[in-house]
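Novice:
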Amino acid sequence: MKSNGKMAKSEWVYDKNYASYYYLTSEGSYARNTWVGNYYLKSNGKMAKSEWVDGGRYYVGANGLWETKSSTNSEYPAALEKAKSYNSLFHMSKKHMYRQLTSQFDKFSNDAAQYAIDHLKTDYKYNALFNAKNYRKLFNMSKSGLFNQLTSYIDGFTEEEANYAIQHLDD
Numbered sequence: 001m002k003s004n005g006k007m008a009k010s011e012w013v014y015d016k017n018y019a020s021y022y023y024l025t026s027e028g029s030y031a032r033n034t035w036v037g038n039y040y041l042k043s044n045g046k047m048a049k050s051e052w053v054d055g056g057r058y059y060v061g062a063n064g065l066w067e068t069k070s071s072t073n074s075e076y077p078a079a080l081e082k083a084k085s086y087n088s089l090f091h092m093s094k095k096h097m098y099r100q101l102t103s104q105f106d107k108f109s110n111d112a113a114q115y116a117i118d119h120l121k122t123d124y125k126y127n128a129l130f131n132a133k134n135y136r137k138l139f140n141m142s143k144s145g146l147f148n149q150l151t152s153y154i155d156g157f158t159e160e161e162a163n164y165a166i167q168h169l170d171d
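Using full-length UniProt numbering, the first residue of the sequence shown is number 1, and each one after it goes up by one.
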């Protein structure tokens with residue numbers, strides 16, 4: 001609401017309570033997860049400042065303006081490379097990968113870990129099958145045991161991925 005009592009539309013507003021800028025669309029709602037000019041609005045509607053945004057591809061400075069800064073210094077590409085390495089060695093599920101990347105060992109931010117998972121080109125059904133074959137070979141597990149292991153907190157595969165693995169054990 002503007003000082004004259006009219007609703008703000010298609011303009012920036014400053015909220016003193018949250019010490020942040022927001023952009024109100026022509027409908028009067030907050031813009032979210034989008035660019036307005038050279039400024040990026042986060043999922044909560046606040047203008048981003050001093051951070052990598054839009055999937056780690058762009059950097060906005062302390063004043064909120066987009067800066068031409070290469071994302072190669074960002075943790076996002078580093079998280080993706082680490083995810084590629086883990087995937088080639090351990091064939092993890094999405095959940096397991098996310099937990100590993102955000103663990104005390106790897107210490108990537110939640111956003112960087114999610115970026116890595118979103119950009120990792122892998123087949124999680126294949127990963128489940130790879131693990132199922134290893135479990136069967138090493139521990140002679142039954143199909144129900146394999147399903148329980150694959151969908152456990154530790155492995156974290158979805159039921160669909162685990163079922164695929166069990167159906168293709170003999171392929």
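Using N, Cα and C, we set each Cβ at its ideal position, and we do this for glycine too.
With DSSP as the reference, label L41 as helix, strand or coil.
Specialist: For this step, residue 41 is matched to residue 41 along the sequence shown. In the structure shown, L41 sits in a strand (DSSP, three-state: E or B).
Novice: Between K121 and the rest of its own chain, which residues show a CB-CB distance below 6 Å, the 5 nearest in sequence each way excluded?
Specialist: Within the sequence shown, numbered from 1, the residue matching residue 121 stands at position 121. Closer than 6 Å at Cβ, skipping near neighbours: no residue.
Novice: By alpha-carbon positions, which one of Y30, A19, K16 and Y18 ends up nearest to K9?
Specialist: Residue numbering aside, residue 9 sits at position 9 when the sequence shown is read from its first letter. Measuring from the Cα of K9, the nearest candidate turns out to be Y30.
Novice: How far does the alpha helix (DSSP H) with Y76 in it extend, from its first residue to its last?
Specialist: To locate residue 76, count along the sequence shown from 1; it is residue 76. Run containing Y76: E75 to F90, per the alpha helix (DSSP H) assignment.
Novice: For my contact list, G61 and Y21 are in at a C-beta cut-off of 8 Å; report their separation, rounded to the angstrom.
Specialist: Looking up residue 61 in the sequence shown gives position 61. Looking up residue 21 in the sequence shown gives position 21. At roughly 14 Å, the Cβ-Cβ gap does not stay under 8 Å, so G61 and Y21 are not in contact.
Novice: If you draw a straight line from the C-alpha of W35 to the C-alpha of L41, how long is it?
Specialist: Translated into the one-based positions of the sequence shown, residue 35 becomes position 35. Translated into the one-based positions of the sequence shown, residue 41 becomes position 41. Between W35 and L41, the C-alpha separation is close to 6 Å.
Novice: Tell me whether S85 is buried or exposed, calling it buried when 16 or more other Cβ atoms sit within 10 Å of its Cβ.
Specialist: Here residue 85 refers to the residue found at position 85 of the sequence shown. So S85 ends up on the exposed side.
Novice: Who pairs with D15 in a beta bridge, going by DSSP?
Specialist: Here residue 15 is taken as the residue at index 15 of the sequence shown, counted from 1. Its beta-bridge partners are S20.
Novice: Which residue from V53, F147 and F157 puts its Cα closest to that of Y98?
Specialist: The residue you call residue 98 lines up with position 98 of the sequence shown. Considering only alpha carbons, the answer is F157.
Novice: For Y126, tell me which candidate among E160, F139, N33 and A113 has the shortest Cα-Cα distance.
Specialist: Residue 126 sits at position 126 when you count from the first residue of the sequence shown. Nearest C-alpha to Y126: E160.
Novice: Does DSSP put M47 in a helix, a strand or coil?
Specialist: Residue numbering aside, residue 47 sits at position 47 when the sequence shown is read from its first letter. DSSP places M47 in strand when its eight states are reduced to three.
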